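Residue numbers (the UniProt record's numbering): 1 to 294.
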């Protein structure tokens with residue numbers, strides 16, 4: 001009953017938001033929330049809003065926070081039955097501060113996911129989703145919170161050889177972990193302009209140039225976003241560009257994940273090319289404006 005498997009971080013997001021412009025050392029009033037998050041979880045939640053049925057492969061502790069997180073995920077329509085539950089590792093967390101001028105700072109504590117390693121991938125080899133003789137052939141959304149060693153393993157593992165891989169970095173600081181997928185024939189990369197530059201070790205002036213730069217280095221297909229500036233897709237059919245709708249930004253954490261989920265859902269529904277890119281940009285703009293796109 002699963003449409004897509006989301007592999008990566010599922011954790012608690014602790015987000016502090018203020019409606020005022022902030023700088024280093026700012027001490028301002030605002031709101032602090034705790035919600036299920038992590039790149040894989042953000043993608044999964046967005047996919048639910050777009051009518052898909054995601055399952056997550058991740059590591060969640062058998063602590064009180066982990067039990068609460070499992071319950072919250074299930075209420076949101078995300079299947080956690082295949083998640084690895086660790087007896088000795090705590091549930092991961094992410095903390096961010098956002099102001100009217102965007103993300104001020106963030107810390108991702110995904111150590112339990114990193115330490116769990118390949119244990120989270122067991123359902124793809126033990127018969128629950130696939131095995132050596134019958135590899136999983138469906139959609140996989142993969143996030144860069146996994147270790148470089150595990151991502152390298154996934155890139156060459158026969159268990160993933162028939163999957164439709166959609167890959168996103170967890171943050172610019174982890175963008176280079178996606179290098180094993182830069183020449184992967186079945187991987188679609190979803191990155192922002194900064195992440196594209198880090199992968200190519202270049203500075204790009206815009207998304208279209210970045211997308212072309214990634215494909216020239218071997219990427220089979222890539223989508224590059226640049227905030228409110230034009231985004232681009234590059235692949236076998238050349239370069240596509242589109243400009244996102246202009247909106248008042250009220251949040252930024254999770255915008256890229258919403259873009260990726262909306263694009264995957266559009267293609268799942270048979271919408272491709274420029275219409276799919278436009279739909280994904282519209283969904284991301286709706287999200288940053290404070291609404292939940294559907």
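C-beta: ideal position from N, C-alpha, C; glycine also.
Remember, predicted model here, so these are calculated numbers, not experimental data.
- Secondary structure note for residue 77: it is in no alpha helix (DSSP H), with a DSSP letter that is neither H nor E.
- Straight-line measurement puts the Cα of residue 176 at about 22 Å from the Cα of residue 252.
- The shortest CA-to-CA distance from residue 76 to any of 43, 141, 65, 89 is the one to 43.
- Per DSSP, residue 42 is one residue of the alpha helix (DSSP H) stretching across 39-49.
- Residue pairing for residue 54: DSSP places it in a beta bridge opposite 4.
- DSSP places residue 243 in the coil class of the three-state scheme, outside both helix and strand.
- By the criterion of a C-beta distance shorter than 8 Å, residue 14 is surrounded in its chain by 32, 33, 34, 93, 94, 95, 96, once the five residues flanking it on both sides are discounted.
- Inclusion of residue 54 and residue 4 in the CB contact set at 8 Å is warranted, their separation being smaller than that value.
- The C-beta distance from residue 145 to residue 110 rounds to 5 Å, short enough to fall under 8 Å.
- Distances from the CA of residue 260 to each of 220, 210, 282 were compared; the closest alpha carbon is that of 282.
- Distance between residue 7 and residue 264, taken at the CA atoms: about 15 Å.
- With fewer than 16 neighbouring CB atoms inside 10 Å of its own CB, residue 128 falls in the exposed class.
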